[in-house]
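Participant: Pasting in a structure now, in structure tokens, and then I'll have a few things to ask.
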Amino acid sequence: MSVEAIEWAFGLTDGIDVLEKLVLLSLADDAGEDGWVLLRSLERPARRSRSSVDDVKGALVHLQQRGLIDLGGPIEAKRFPMLGQVMVGSDGL
422 MSVEAIEWAF
432 GLTDGIDVLE
442 KLVLLSLADD
452 AGEDGWVLLR
462 SLERPARRSR
472 SSVDDVKGAL
482 VHLQQRGLID
492 LGGPIEAKRF
502 PMLGQVMVGS
512 DGL
């Protein structure tokens with residue numbers, strides 16, 4: 422767990438909705454101190470945010486477009502597990 426990533430994610434207020442924030446917090450909670458996170462599937466963030474896998478996938482696309490996470494390419498083209506990074510410090514603007 423990266424406390425810095427979690428605090429950063431809680432502090433974001435502009436440009437993301439509630440689902441995106443919950444998904445980002447889930448990733449931040451699973452991230453190491455360096456911000457890297459291994460996504461084994463989308464089931465965990467879906468369960469944590471009480472959303473569908475498809476909704477989580479959409480949230481990840483938007484978070485990546487805003488520069489808040491980096492999954493190394495389009496989520497649609499990815500297979501699991503995948504390595505991603507929470508971009509701690511980015512303001513997403």
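One point on numbering: in the numbering used here, the residue at position 93 of the sequence shown is 514, and numbering is uninterrupted. In this text, a Cβ means the ideal position worked out from N, Cα and C, and glycines have one as well.
Tell me the DSSP secondary structure of V509 in three-state form.
Facilitator: Coil at V509, not helix or strand.
Participant: Within its chain, find whatever has a CB closer than 6 Å to the CB of A452; leave out the 5 residues flanking it on each side and keep chain order.
Facilitator: Around A452: S423, A426, V458, V507.
Participant: Please report the distance separating the alpha-carbon of E440 from that of L504.
Facilitator: Residue identity check: residue 440 is Leu in the sequence provided, not Glu. Rounded to whole angstroms, L440 to L504 spans 21 Å at the Cα level.
Participant: For a test of the three-state rule: what should DSSP assign to I427, helix, strand or coil?
Facilitator: In this structure, I427 counts as helix in the three-state DSSP scheme.
Participant: Compute the Euclidean distance between the alpha carbons of E464 and S473, then round it to the nearest angstrom.
Facilitator: Using only the alpha carbons, I get a separation of about 8 Å.
Participant: Taking the Cβ atom as the reference point for each residue, do G510 and I437 lie within a distance shorter than 8 Å?
Facilitator: No, these two residues do not count as a Cβ contact at 8 Å.
Participant: Can you tell me which residues form a DSSP beta bridge with D491?
Facilitator: D491 pairs with Q506.
Participant: Just mark P495 as buried or exposed, buried being the case when its beta carbon has 16 or more other beta carbons within 10 Å.
Facilitator: Result: exposed.
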